[in-house]
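Working notes, beginning with the structure itself.
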Ligand code: WT7
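Pasting the structure below:
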């Protein structure tokens, strides 16, 4: 097990140590794991070329660190407690021993489909145990998993499959979330029409509803599992061999294939899990995220299982069948640490506090928040009604690219402050830079959040596009990793995340590029151009505001029918989560003489701001008044 900090002075001491001698610090943490061959060098890095390598020459398999390392002590202990969407259905528990057996079987299934080390496997599954099994089976044989969130459309899925060049797809007949059934097989079939690299489609039977069958590539998961045994030797991996790709949104339309490697990600996900949540052996940990996002990868699957924890995996939503669902699960499984998003908290606040107040939640010790800034009101409600004034809140700031939590309280160790992510974890060296690339020192400063030294969990590249990796993270502030977030460091030295500084928006904890939504809108034959910005939304944190200019169509004729068809188009191109909350039609968009859309003005408008700064460089300043009137009408609604 990784070393655990348990006092404030212990944190300060570890932090100092990790800065004074980072390689010594991370070498010590890595000693807790099982390496087939030890590394020869701890770190090589160059932030100008964006080349980062940890534990060079080390050989390992991450699943040996989950299974073989724990079996002797924890073979009989639950590894996963799976809770179905519908509480009437039975939950399922997998001990470490049982999970291991499933993982090895499925590893053999993959091998029987000619999947080899380095091949990519796309996984498009709902929150069912087979999702974790499939990921770990890939890791067992050295295949690179690319999990695609089951809410994505056929277009989005095929785009990700093709970018990764995946050989196999794993999906389900259908998914269940609350009162919704999701036709995964149907969507996957549509995606596969344009995915020439896929050789087999392995389908998990979740609901048993009839599905179309393609004899050439379709296989049932349960039938394939019957054909193999459960002896599967782990593939030896180098520390820097890829473990997974996970697509996320950036400021251009094309999703980024964030790539994580084996050794560093293992060390970092386990270290942050153990420390931030103060996990103790025997505790039950419940992260309510979806495994389709990085939070689920690191804190439902890898972090907890590497530390021999019991992790709860929940298929459903917080409000089905009633807004008590989370609280029922916490009491049913005696959860000790609970981790969710501000959006989930705000949606539960809106439904009334009696739901949480009806439960004592005595087992809870730590509650966490992730994905977006948590406003003070939500923080206090979470603290009082869920944490019952006794559990510390860990407001954890991090990103798909960081692999694990970066700035966060360590539960019960670092004093919290509402809406502050507080202090960097050991080994993390934040730096605040202004737009002129000058370092802002001391306290009470605000600027761009960068990190000046590597950490083991950081992404190593964007799949097939290292140039974009350099451009996106290492070029704005040369020599530093740029997070894309704004931050304030207050008089106590505490960090408060202010939100994205780029064209990325965070809607209900989902990260979306405004450009990808614009591209989807622009595909409509009547649309000539569009601009999308985020605006403050009471529940979702940010909502999506779209300004649309139509061809050959007076703005007054652009009505509900066109709006609906645009919304459908976005859902089809990306996902229903990317549908704009507000669409307004306008004759034109504010433009500079060089032809650029002045998004800054649109952003201010939707925030209800009326001071747009210098507009003298616009070619069409008269449009501002017209757009603003429409914006105000729509914001009032
Ligand atoms: C972006 C990363 C980290 C896993 C889930 C999201 C925002 C994340 C916080 C927080 C304020 C936060 C940032 C970041 N964000 N956590 N505690 N407080 N903002 O991962 O999809 O890669 O998004 O989420 O803006 O850059 P992601």
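Residue numbers (the working numbering): 931 to 1567.
From the three backbone atoms N, C-alpha and C, an ideal C-beta is built for every residue, glycine too.
Discussion item. Are the CB atoms of residue 996 and residue 1235 within a distance shorter than 8 Å?
Written reply: Their beta carbons are under 8 Å apart, which means residue 1235 touches residue 996 by this criterion.
Worksheet item: Going along the chain, which residues of its own chain have a beta-carbon closer than 6 Å to the beta-carbon of residue 1531, five neighbours each way excluded?
Response: Non-local beta-carbon contacts of residue 1531 in its own chain, meaning distances under 6 Å to residues more than five positions away in sequence, involve 1520, 1542 in chain order.
Discussion item. I'd like the list of long-range same chain contacts for residue 1328, defined as Cβ closer than 7 Å, with 5 residues on each side in sequence excluded.
Written reply: 1334, 1335, 1336
Worksheet item: For the candidate residues 956, 1026, 1180, whose alpha-carbon lies nearest to that of residue 1568?
Response: Residue 1568 lies beyond the range of the chain shown here (931 to 1567); nothing can be said about it.
Discussion item. If the criterion is Cβ atoms closer than 8 Å, does the pair residue 1299 and residue 1270 meet it?
Written reply: yes
Practice prompt. List the endpoints of the continuous beta strand (DSSP E) containing residue 1475.
Written response: If you look at residue 1475, you'll find it in the beta strand (DSSP E) that goes 1471-1480.
Worksheet entry | C-beta atoms of residue 1193 and residue 1170 nearer than 8 Å | yes
Worksheet item: Hey, residue 1446 and residue 1504 are a contact pair by Cβ (cut 8 Å); roughly how many whole angstroms apart?
Response: Indeed they touch by this definition, with Cβ atoms about 6 Å apart.
Practice prompt. State the CB to CB distance for the pair residue 1451 and residue 1478, rounded to an integer number of angstroms; the pair is presumed to be in contact (CB under 8 Å).
Written response: 6 Å
Worksheet item: Do residue 1281 and residue 1260 have their C-beta atoms closer together than 8 Å?
Response: In this structure, residue 1260 does not lie closer than 8 Å to residue 1281 by Cβ.
Worksheet item: Looking only at C-alpha atoms, which of 1245, 1224, 1506, 1159 sits nearest to residue 1136?
Response: 1245
Fill in: Top-ranked residue by Cα proximity to residue 987, from 1046, 968, 998
Closest in C-alpha terms to residue 987, from the list 1046, 968, 998, comes 968.
Discussion item. Let me make sure I understand the geometry here. Which of 1212, 965, 1208 has the alpha-carbon closest to that of residue 1006?
Written reply: 1212
Discussion item. Let me make sure I understand the geometry here. Which of 1440, 1175, 1266 has the alpha-carbon closest to that of residue 1216?
Written reply: 1266
Worksheet item: How close, in whole Å, do the beta carbons of residue 1133 and residue 1149 come, if the pair is a contact with beta carbons under 8 Å?
Response: Residue 1149 and residue 1133 do touch by the CB rule: their CB atoms are close to 7 Å apart, below 8 Å.
Worksheet item: With a cut-off of 8 Å, do at least 3 Cβ pairs link the region 1088-1095 to the region 1236-1243?
Response: The region 1088-1095 makes no contact with the region 1236-1243: fewer than 3 CB pairs, one atom from each, lie closer than 8 Å.
Worksheet entry | Cα-Cα separation between residue 1416 and residue 1207, rounded to whole angstroms | Taking the straight line joining both Cα atoms gives about 25 Å.
Fill in: Under 8 Å between C-beta atoms of residue 1426 and residue 1495
Their beta carbons are not under 8 Å apart, which means residue 1426 does not touch residue 1495 by this criterion.
Discussion item. Quick check on residue 1316: does DSSP put it in helix, strand or coil?
Written reply: helix
Fill in: Cβ neighbour criterion (16 or more within 10 Å) applied to residue 1338
buried
Worksheet item: If you count every other CB in all the chains shown that lies within 10 Å of the CB of residue 1131, and 16 or more means buried, which is it?
Response: buried
Discussion item. Nearer than 7 Å: is that true of the beta carbon of residue 1303 relative to any heavy atom of the ligand WT7?
Written reply: yes
Practice prompt. Measure from the C-beta of residue 1468 to each C-beta in chain D and report whether the shortest distance is under 8 Å.
Written response: Included in the structure is just one protein chain, with no chain D present.
Worksheet item: Does the region 936-949 come close enough to the region 1364-1379 to have 3 or more Cβ pairs within less than 8 Å?
Response: Contact between the region 936-949 and the region 1364-1379 is absent, because fewer than three Cβ pairs lie under 8 Å.
Practice prompt. List the residues that DSSP assigns as beta-bridge partners of residue 1098.
Written response: 1051, 1130
Worksheet item: Between the region 1453-1469 and the region 1376-1395, do at least 3 Cβ pairs fall closer than 8 Å?
Response: no
Discussion item. For residue 1278 and residue 1285, which I take to be in contact (beta-carbon distance under 8 Å), what is that distance rounded to the nearest angstrom?
Written reply: 7 Å
Practice prompt. Could you tell me the distance, in whole angstroms, from the CA atom of residue 1535 to the CA atom of residue 1468?
Written response: 17 Å
Item to complete: Report all residues from its chain with a CB closer than 6 Å to the CB of residue 965; omit the five preceding and five following residues, and keep chain order.
Response: So the list reads 988, 990, once near-sequence residues are dropped.
Worksheet entry | residue 1412: first and last residue of the uninterrupted beta strand (DSSP E) it sits in | 1411-1419
Practice prompt. Note down, in chain order, each residue of its chain lying with its Cβ closer than 6 Å to the Cβ of residue 1204, except the 5 sequence neighbours on either side.
Written response: 932, 934, 1237
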